[in-house]
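**Student:** Just so you know, the sequences run in chain order A and B.
Under the working numbering, the first residue of the first sequence carries the number 56, and numbering increases by one thereafter.
Under the working numbering, the first residue of the second sequence carries the number 41, and numbering increases by one thereafter.
Even for Gly, the Cβ is constructed at its ideal location relative to N, Cα and C.
Note that the structure is predicted; figures quoted are calculated from it, not measured.
Dumping the structure here so I can ask a few things about it.
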Amino acid sequence: MAECHPVGFQWVMEARLRGAKVFHIDPRFSRTSAVADRYLPIRAGTDIVLLGALINHVLSNELYFRDYVLAYTNAATLVSERFQDTEDLDGLFSGFDPETRRYDPSSWAYEGDEEATTDEMREGGATHAEAAGSDSYGARGAGASARPPTDPTLRHPRCVLQVLKRHFARYTPEMVDELCGIAPEDFAELAEAITANSGRERTTAWVYSVGWTQHSVGVQYIRASAILQLLLGNMGRPGGGIMALRGHASIQGSTDIPTLFNLLPGYLAMPHAHRHEDLADYLEREGAGTGYWGNRRSYLVSLLKAWWGDAATEDNDFCFDYLPRLTGDHGHYTTVMGQIDGTVKGYFVIGENPAVGSANGRAQRMGLANLDWLVVRDLTLVETATFWKDGPELETGEMRTGDIATEVFFLPAASHVEKEGTFTNTQRLLQWREKALDPPGDCRSDLWFYYHLGKRIRRRLGDDEIDRPMTELTWDYPEEGQYREPSAEAVLREINGTGPDGRALSSYRELAPDGSTRCGCWIYCGVYADEVNQAARRMPGNRQSWVAPEWGWAWPANRRILYNRASADPDGRPWSERKAYVWWDADRGEWTGHDVPDFDLRKPPDYQPPEGARAEAALSGTDPFIMQSDGKGWLYVPSGLSDGPMPAHYEPHESPVLNTLYGRQANPTRRIYDRPENPYNPPGAARFPYVFTTSRLTEHHTAGGMSRTLAYLAELQPELFCEVSPQLAAEVGLVNGGWATIVTSRTAIECRVLVTDRVRPLRVQRQIIHQVVVPYHWGHEGLVTGDVVNDLLPVVLDPNVYIQESKVCTCAVLPGRRPRGQALLDLIEEYRHG
Amino acid sequence: MADGGWISRWPVFRQLQGEDGRRDAARSARTDALRPRTEQADTVARSVCPYCAVGCGQLVYVKDGKVTQIEGDPDSPISRGRLCPKGSASKQLVTHPGRRTEVLYRRPYGTEWERLDLETAMDMIADRVVRTRRETWQQTHEGKEVRRTTGIAGLGGATLDNEENYLMKKLYTALGAIQVENQARI
Numbered sequence: 056m057a058e059c060h061p062v063g064f065q066w067v068m069e070a071r072l073r074g075a076k077v078f079h080i081d082p083r084f085s086r087t088s089a090v091a092d093r094y095l096p097i098r099a100g101t102d103i104v105l106l107g108a109l110i111n112h113v114l115s116n117e118l119y120f121r122d123y124v125l126a127y128t129n130a131a132t133l134v135s136e137r138f139q140d141t142e143d144l145d146g147l148f149s150g151f152d153p154e155t156r157r158y159d160p161s162s163w164a165y166e167g168d169e170e171a172t173t174d175e176m177r178e179g180g181a182t183h184a185e186a187a188g189s190d191s192y193g194a195r196g197a198g199a200s201a202r203p204p205t206d207p208t209l210r211h212p213r214c215v216l217q218v219l220k221r222h223f224a225r226y227t228p229e230m231v232d233e234l235c236g237i238a239p240e241d242f243a244e245l246a247e248a249i250t251a252n253s254g255r256e257r258t259t260a261w262v263y264s265v266g267w268t269q270h271s272v273g274v275q276y277i278r279a280s281a282i283l284q285l286l287l288g289n290m291g292r293p294g295g296g297i298m299a300l301r302g303h304a305s306i307q308g309s310t311d312i313p314t315l316f317n318l319l320p321g322y323l324a325m326p327h328a329h330r331h332e333d334l335a336d337y338l339e340r341e342g343a344g345t346g347y348w349g350n351r352r353s354y355l356v357s358l359l360k361a362w363w364g365d366a367a368t369e370d371n372d373f374c375f376d377y378l379p380r381l382t383g384d385h386g387h388y389t390t391v392m393g394q395i396d397g398t399v400k401g402y403f404v405i406g407e408n409p410a411v412g413s414a415n416g417r418a419q420r421m422g423l424a425n426l427d428w429l430v431v432r433d434l435t436l437v438e439t440a441t442f443w444k445d446g447p448e449l450e451t452g453e454m455r456t457g458d459i460a461t462e463v464f465f466l467p468a469a470s471h472v473e474k475e476g477t478f479t480n481t482q483r484l485l486q487w488r489e490k491a492l493d494p495p496g497d498c499r500s501d502l503w504f505y506y507h508l509g510k511r512i513r514r515r516l517g518d519d520e521i522d523r524p525m526t527e528l529t530w531d532y533p534e535e536g537q538y539r540e541p542s543a544e545a546v547l548r549e550i551n552g553t554g555p556d557g558r559a560l561s562s563y564r565e566l567a568p569d570g571s572t573r574c575g576c577w578i579y580c581g582v583y584a585d586e587v588n589q590a591a592r593r594m595p596g597n598r599q600s601w602v603a604p605e606w607g608w609a610w611p612a613n614r615r616i617l618y619n620r621a622s623a624d625p626d627g628r629p630w631s632e633r634k635a636y637v638w639w640d641a642d643r644g645e646w647t648g649h650d651v652p653d654f655d656l657r658k659p660p661d662y663q664p665p666e667g668a669r670a671e672a673a674l675s676g677t678d679p680f681i682m683q684s685d686g687k688g689w690l691y692v693p694s695g696l697s698d699g700p701m702p703a704h705y706e707p708h709e710s711p712v713l714n715t716l717y718g719r720q721a722n723p724t725r726r727i728y729d730r731p732e733n734p735y736n737p738p739g740a741a742r743f744p745y746v747f748t749t750s751r752l753t754e755h756h757t758a759g760g761m762s763r764t765l766a767y768l769a770e771l772q773p774e775l776f777c778e779v780s781p782q783l784a785a786e787v788g789l790v791n792g793g794w795a796t797i798v799t800s801r802t803a804i805e806c807r808v809l810v811t812d813r814v815r816p817l818r819v820q821r822q823i824i825h826q827v828v829v830p831y832h833w834g835h836e837g838l839v840t841g842d843v844v845n846d847l848l849p850v851v852l853d854p855n856v857y858i859q860e861s862k863v864c865t866c867a868v869l870p871g872r873r874p875r876g877q878a879l880l881d882l883i884e885e886y887r888h889g
Numbered sequence: 041m042a043d044g045g046w047i048s049r050w051p052v053f054r055q056l057q058g059e060d061g062r063r064d065a066a067r068s069a070r071t072d073a074l075r076p077r078t079e080q081a082d083t084v085a086r087s088v089c090p091y092c093a094v095g096c097g098q099l100v101y102v103k104d105g106k107v108t109q110i111e112g113d114p115d116s117p118i119s120r121g122r123l124c125p126k127g128s129a130s131k132q133l134v135t136h137p138g139r140r141t142e143v144l145y146r147r148p149y150g151t152e153w154e155r156l157d158l159e160t161a162m163d164m165i166a167d168r169v170v171r172t173r174r175e176t177w178q179q180t181h182e183g184k185e186v187r188r189t190t191g192i193a194g195l196g197g198a199t200l201d202n203e204e205n206y207l208m209k210k211l212y213t214a215l216g217a218i219q220v221e222n223q224a225r226i
């Protein structure tokens with residue numbers, strides 16, 4: 056965090072000054088490790104073993120926050136008697152089909168829910184999973200029963216708490232030692248610290264980044280953390296939570312208002328051809344009728360009205376059929392394979408650089424070279440724009456410029472100061488940026504580009520039926536200034552939504568299911584409340600409370616901590632004075648506190664839902680997790696995930712270590728691309744003995760397009776290097792300051808060698824495991840250049856969200872520079888086949 | 041500052057006398073007269089750092105139509121005026137000489153970039169979208185209505201504004217383009 060989010064890290068340091076203990080768990084010793092109380096090096100790819108052992112420690116020593124767990128989680132809920140655990144099936148859950156390598160999750164259901172889950176089009180089912188359906192849960196869990204059977208004594212062998220206990224029993228400190236390389240005494244110190252600092256008076260926070268997401272079990276890493284935090288009562292409370300530190304200025308915004316294949320704005324799923332033939336199907340199959348997701352008709356119909364205006368009517372399903380349908384995986388890597396196969400003809404790359412930033416860069420560039428046309432919009436000529444001129448495949452002779460048919464348009468972009476608009480930061484906070492000046496030359500905002508491109512396309516279309524979604528689209532924004540820039544405020548106002556009177560809405564609670572409201576993204580409704588751009592608010596931090604509610608605007612409803620009803624006990628009183636945040640004011644009959652309560656303001660703690668209640672009315676006064684169908688924090692996930700209801704440790708797809716927890720080496724449902732462009736290091740191949748992981752540096756930004764081009768930053772970090780331990784350097788013959796060549800089945804790269812004690816060899820299963828750490832910011836453009844590190848990586852995906860396993864694979868290391876031209880191809884060929 | 045004639049006040053002299061050159065002995069009449077260029081700005085825009093997702097506040101100073109400085113915004117409760125090395129370098133991000141300001145075009149099998157007028161480029165891109173969409177249109181797939189094209193894909197969004205992502209998703213969806221992705225997948 057100190058390395059990649061340094062200014063955010065000042066708050067960790069503030070907490071440390073006030074007595075917080077900071078642990079840093081990372082394969083790499085970074086600037087964070089340097090100032091933490093304890094640094095625990097870990098073998099990349101084994102975090103579930105560590106987190107599972109912490110869960111086991113909490114459960115077997117009865118250290119969980121019982122009052123919280125009983126009231127606010129599904130610990131007491133009974134699971135179907137058809138469910139079988141990894142304990143019963145040696146590393147598999149019930150329902151696995153070895154032919155398709157997919158789960159039928161119906162046996163994971165709550166007791167009594169099994170019948171409801173026999174529909175093969177249900178959430179979590181194969182069709183849902185094939186289109187990354189699990190990834191739509193940015194704002195909820197899958198649908199399940201609102202009032203499943205429970206055992207409040209927590210003794211029933213099939214209640215979630217007991218299921219968890221059995222499942223995690225084999226996650227012991229000895230396993231942590233054996234698989235993670237973390238000694239039992241270090242584990243004990245960590246376990247003691249997090250349990251001593253959780254409960255009524257104290258909270259513990261977990262912070263992660265792509266070190267957790269970029270794995271073939273990435274979603275289950277975060278699930279493991281969620282289980283631990285729920286058991287310790289650390290969710291919805293100040294100083295608690297699980298914080299995802301995201302890497303780009305508005306990567307949170309681009310997930311909320313998604314340029315993602317499987318989502319519509321506000322975590323509404325993109326419709327699927329088989330699961331969602333019409334609006335009624337869609338509403339039936341996307342979540343339950345209870346909890347806030349029960350209002351999804353209002354969210355979706357308001358979106359359709361925002362997009363198709365008066366053309367969207369009750370009679371035509373509000374133009375639901377204008378939405379194109381998914382039939383499976385249309386994600387980034389499948390799209391690249393489609394480019395190589397020739398089905399994808401045209402490609403827009405906007406402020407992104409996949410030729411450097413995505414796994415298996417060679418496959419990326421092969422895809423680019425097989426397009427009809429490519430549009431790149433960026434501040435500089437990034438590698439994705441110039442692959443045809445100076446890509447690595449030209450040097451090896453695999454491509455020739457004169458053979459590449461791709462037509463390339465490079466359009467220069469406006470910078471962040473030359474346009475106005477909002478970024479959503481990593482804490483869901485929208486901040487409006489004022490425009491400082493007009494962009495130079497041909498530079499334009501992406502708002503300008505897409506708006507004027509849309510206008511041009513509309514002029515070229517006729518009255519053909521397939522063109523109606525375009526010709527009837529609401530696409531008329533006020534134009535401003537010499538370049539006819541569309542008004543970003545008008546777009547933000549459309550995102551916020553308007554009521555029947557045409558005035559801006561104040562809250563998503565005002566959205567209606569009948570088409571009388573319009574709203575481009577329901578979770579952002581309120582950002583333009585009272586016709587005021589709330590994201591532009593700039594009350595100085597020192598003139599308001601520590602929650603700072605008048606700086607920018609956080610979705611939803613300007614809440615700064617989600618699910619904050621859980622910061623009070625079931626009776627609505629703060630768990631402790633020290634941790635008071637939101638509480639029930641019985642005299643006024645409403646919730647109040649330091650933040651906007653994440654709860655129905657006037658729903659008292661003793662509210663019990665009447666029979667047949669729907670949406671939020673179906674949740675009781677003690678159900679804080681209001682997006683869930685049962686209002687509970689899910690320790691166990693009865694549906695919606697494609698690789699199991701609980702986390703289980705599997706080794707990375709490429710690993711030098713045997714999984715001794717189960718008879719399954721890697722995640723059985725991981726997505727692999729078995730294609731010649733994407734060769735894998737063979738399992739157990741001794742010629743790839745080392746663990747390889749990538750990292751980032753403070754002075755550079757992701758694929759380098761915004762940092763390698765700047766003299767200041769290029770000077771601070773001028774050259775690609777690998778960090779290796781003195782022991783590995785001696786084993787391979789590497790010299791500090793010299794050159795190393797790193798080899799995988801994909802390619803070989805060269806980099807400078809940094810021999811340092813910061814990288815510690817780990818003792819794992821009575822052998823020494825070396826890890827090689829390489830920052831991935833370089834490419835062949837910019838002021839400082841270097842080989843593309845991500846070219847080393849294979850494409851293997853998490854089966855829930857289709858993120859690639861780029862934080863761990865295996866490699867070989869050789870002293871000296873890599874060969875050039877055909878000799879490089881010969882070297883890789885030799886390593887591929889052994 | 042020391043009393044006496046100009047020589048005794050001369051920074052070089054004072055530093056030779058052993059005073060710390062990083063403190064008062066660095067001052068001269070000229071340095072005392074220097075003013076920060078931020079004071080001379082015509083306008084100051086309240087902005088946000090474009091690098092990571094912390095969302096540090098920035099103040100963008102403009103004079104005579106040029107960005108003269110970008111500094112941390114002390115009012116921000118997130119960053120309290122601080123910026124990291126990347127955020128501190130963001131004036132260079134906006135003004136550096138390697139930044140491209142003209143449209144470039146590489147024709148099929150071409151060996152060099154060519155210049156292209158922005159309006160022409162926009163028309164050419166619109167033509168290609170319409171043509172490719174037509175040629176790759178899928179009305180049905182495995183017997184189901186899909187109304188889409190898998191011939192046009194997009195990547196990018198995490199570095200852009202919410203308003204931009206919104207128009208992108210809206211336009212792509214109306215066109216029937218479904219392979220729309222960004223860094224959040226990566």
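Return the first residue and the last residue of the beta strand (DSSP E) that ILE804 of chain A is part of.
**Tutor:** Locating residue 804 of chain A in the first sequence gives position 749, where the first residue counts as 1. It spans 803-810 - the beta strand (DSSP E) in which ILE804 of chain A sits, taken as one unbroken run.
**Student:** Would SER271 of chain A and GLU732 of chain A be called neighbours here (beta carbons separated by less than 9 Å)?
**Tutor:** Here residue 271 of chain A is taken as the residue at index 216 of the first sequence, counted from 1. Here residue 732 of chain A is taken as the residue at index 677 of the first sequence, counted from 1. Not a contact, by the Cβ cut-off of 9 Å.
**Student:** In the DSSP assignment, find the unbroken beta strand (DSSP E) run with SER800 of chain A in it and report its ends.
**Tutor:** In the first sequence, counting from the first residue as 1, residue 800 of chain A sits at position 745. Segment: none, SER800 of chain A is in no beta strand (DSSP E) and carries neither H nor E.
**Student:** Alpha carbon to alpha carbon, how far is GLN223 of chain B from ASN408 of chain A?
**Tutor:** Against the second sequence, residue 223 of chain B aligns to sequence position 183. Against the first sequence, residue 408 of chain A aligns to sequence position 353. Distance between the alpha carbons of GLN223 of chain B and ASN408 of chain A: 9 Å.
**Student:** Of all the CB atoms in chain D, is at least one closer than 9 Å to the CB of ASP497 of chain A?
**Tutor:** The structure shown contains no chain D; the protein chains it does contain are A and B.
**Student:** Mind pulling the beta strand (DSSP E) runs of 3 or more residues that sit fully within the stretch 502-530 of chain A?
**Tutor:** Correct list: empty.
**Student:** Could you pull the DSSP bridge partners for ARG488 of chain A from this structure?
**Tutor:** Locating residue 488 of chain A in the first sequence gives position 433, where the first residue counts as 1. Per DSSP, A:GLY476.
**Student:** Cβ of GLY476 of chain A less than 9 Å from any chain B Cβ?
**Tutor:** The residue given as residue 476 of chain A occupies position 421 in the first sequence. It does; some Cβ of chain B falls within 9 Å.
**Student:** Would a check of beta-carbon distances place VAL399 of chain A closer than 9 Å to chain B?
**Tutor:** On the first sequence, position 344 is the one that residue 399 of chain A refers to. Chain B contact via Cβ: present.
**Student:** Using 8 Å as the Cβ pair cut-off and three pairs as the minimum, do the stretch 694-714 of chain A and the stretch 365-383 of chain A touch?
**Tutor:** Counting Cβ pairs under 8 Å, fewer than three are found: no touch.
**Student:** Please tell me whether ASP846 of chain A has its Cβ less than 9 Å away from any Cβ of chain B.
**Tutor:** Taking the first sequence and counting its residues from 1, the one referred to as residue 846 of chain A is at position 791. Cβ-Cβ to chain B under 9 Å: no for ASP846 of chain A.
**Student:** So who's on the other strand from ALA217 of chain B, going by DSSP bridges?
**Tutor:** Here residue 217 of chain B is taken as the residue at index 177 of the second sequence, counted from 1. DSSP lists B:THR189 as partners of ALA217 of chain B.
**Student:** Does the stretch 224-237 of chain A touch the stretch 341-353 of chain A, meaning 3 or more C-beta pairs lie closer than 8 Å?
**Tutor:** At 8 Å Cβ cutoff, the stretches do not touch.
**Student:** Going straight from the alpha carbon of PRO849 of chain A to that of ASN415 of chain A, what length do you get?
**Tutor:** Indexing the first sequence from 1 puts residue 849 of chain A at position 794. Indexing the first sequence from 1 puts residue 415 of chain A at position 360. Cα to Cα, PRO849 of chain A sits roughly 6 Å from ASN415 of chain A.
**Student:** Could you tell me which uninterrupted alpha helix (DSSP H) segments, each at least 4 residues in length, are contained entirely in the stretch 319-399 of chain A, listed from first to last along the chain?
**Tutor:** The stretch 319-399 of chain A contains these whole alpha helix (DSSP H) runs: 334-340, 351-363, 387-396.
**Student:** Do the stretch 469-481 of chain A and the stretch 160-177 of chain B touch if we need at least three Cβ pairs shorter than 8 Å?
**Tutor:** No: fewer than three Cβ pairs fall under 8 Å.
**Student:** Where does HIS888 of chain A fall in DSSP's three states?
**Tutor:** Residue 888 of chain A sits at position 833 when you count from the first residue of the first sequence. Helix.
**Student:** Consult DSSP for PHE53 of chain B and reduce its assignment to one of helix, strand or coil.
**Tutor:** For the purposes of this step, residue 53 of chain B is taken as the residue at position 13 of the second sequence. Here PHE53 of chain B sits in helix by DSSP.
**Student:** In chain A, what lies closer than 8 Å to LYS209 of chain B by C-beta?
**Tutor:** Translated into positions along the second sequence, residue 209 of chain B becomes position 169. Near LYS209 of chain B (Cβ distances below 8 Å), the residues of chain A are ILE312, PRO313, THR314, LEU319, PRO320.
**Student:** Quick one: residues in its chain with C-beta nearer than 8 Å to the C-beta of ASP333 of chain A, no 5 flanking neighbours on either side, listed in chain order?
**Tutor:** Translated into the one-based positions of the first sequence, residue 333 of chain A becomes position 278. Contacts found: ASP372, PHE375, ASP376.
**Student:** Answer yes or no: does any C-beta atom of chain A fall closer than 9 Å to that of GLN223 of chain B?
**Tutor:** Numbered from 1 along the second sequence, position 183 holds the residue referred to as residue 223 of chain B. With 9 Å as the cut-off, GLN223 of chain B counts as an interface residue toward chain A.
**Student:** Can you name the residues that DSSP bridges to TYR158 of chain A?
**Tutor:** Translated into the one-based positions of the first sequence, residue 158 of chain A becomes position 103. According to DSSP, TYR158 of chain A bridges with A:PHE151.
**Student:** Report the option in B:ARG54, B:ALA85, B:VAL169 whose CA atom is closest to the CA atom of ARG514 of chain A.
**Tutor:** As a first step, residue 514 of chain A must be located in the first sequence, where it is residue number 459. Among B:ARG54, B:ALA85, B:VAL169, the Cα nearest to that of ARG514 of chain A is on B:VAL169.
**Student:** Compare the C-beta of LEU566 of chain A against all C-beta atoms of chain B and say whether one is closer than 9 Å.
**Tutor:** Here residue 566 of chain A refers to the residue found at position 511 when the first sequence is read from its first residue. For LEU566 of chain A, the answer is no, since every Cβ of chain B falls outside 9 Å of its Cβ.
**Student:** Just to check my reading of the structure: TYR145 of chain B and GLU154 of chain B have Cβ atoms closer than 8 Å, yes? What is that Cβ distance to the nearest angstrom?
**Tutor:** On the second sequence, position 105 is the one that residue 145 of chain B refers to. On the second sequence, position 114 is the one that residue 154 of chain B refers to. Contact flag correct, Cβ pair sits at about 5 Å.
**Student:** Relative to the alpha-carbon of HIS385 of chain A, which residue among B:MET208, B:THR199, B:GLY191 has its alpha-carbon at the smallest distance?
**Tutor:** Position 330 of the first sequence, counted from the first residue, corresponds to residue 385 of chain A. For HIS385 of chain A, the nearest C-alpha among the options comes from B:GLY191.
**Student:** What residues in its chain sit with their C-beta under 7 Å from that of TYR618 of chain A, if we drop five residues either side in the sequence?
**Tutor:** Mapped onto the first sequence, residue 618 of chain A falls at position 563. Cβ neighbours of TYR618 of chain A beyond the five flanking positions: MET290, GLY291, ASP653, PRO679, PHE680.
**Student:** Along the alpha helix (DSSP H) that carries PHE242 of chain A, what are the first and last residues, could you check?
**Tutor:** As a first step, residue 242 of chain A is located in the first sequence; it is residue number 187 there, counting from the start. That run of the alpha helix (DSSP H) goes 239-251.
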